[in-house]
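Below is one structure, written out as structure tokens; the observations come after it.
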Amino acid sequence: SSGINAEYGGESGEHHEALSQHFGSRLKYLHLVRDPRELCESSTSDLFGVADSWAQLQRSAANLPSADVYTLDYAAVLEDKDTEVEQLEEFLGGGSVNKSSTKHDPWTGDLTEDKVQTVEALCYKEMKSLGFKPKSKKRPKLEKEGEKEEADLTEKQRAILDNLTSDT
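First residue of the sequence shown: 80, per our numbering; consecutive thereafter.
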């Protein structure tokens, strides 16, 4: 599935055409990215759902016209808000700021190793494309792929895992 989930409105291209017709060359997208491990660390929601939604949103954003997308790194805003706001203003004002490649420090959060492995298994390709450094050199396997405790998974988690294992 290349689109974002139904909560966010379907495939990325589905609404881009309508928005483009309405706004023309004024249409701009702000793509705010945050390391999915940080996002999962600060979320009280279902880890599988949060990580899967993050990965789907990144795939969807990657399908938008790059000239109309400004990628804003959450960590960079925290580090140097003034510079980030200036660059965003330049982009919105028609400047040619290229923020598609961001550099990220290695993640040093407090998720358990099992949770990090789950997030990286669900988000590995998207993390690498955005410059986040996974702890693993290749996509980790999830528990279901090793056939452990499948009975403990929700239907949504099973569907996510089934989709993930069919992509590999």
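Using N, Cα and C, we set each Cβ at its ideal position, and we do this for glycine too.
9 Å is my cut-off, CB to CB: does Lys-216 come that close to chain D?
This model lacks chain D altogether; it includes just one protein chain.
Using only the alpha-carbon positions, how far apart do Pro-115 and Met-206 sit?
8 Å
Could you check the C-alpha separation between Ser-215 and Thr-191 for me, to the nearest Å?
14 Å
Closest residue to Ala-154 among Gly-103, Lys-204, Leu-111, Ala-97 (Cα-Cα distance)
Leu-111
Taking only three categories from DSSP, how would you classify Thr-162?
helix
So Leu-136 is in the alpha helix (DSSP H); what residue range does that whole segment cover?
126 to 141
Along the chain, where does the alpha helix (DSSP H) that runs through Thr-197 open and close?
192 to 208
Three-state secondary structure (DSSP) at Asp-189?
coil
Secondary structure at Leu-111, three-state DSSP: helix, strand or coil?
strand
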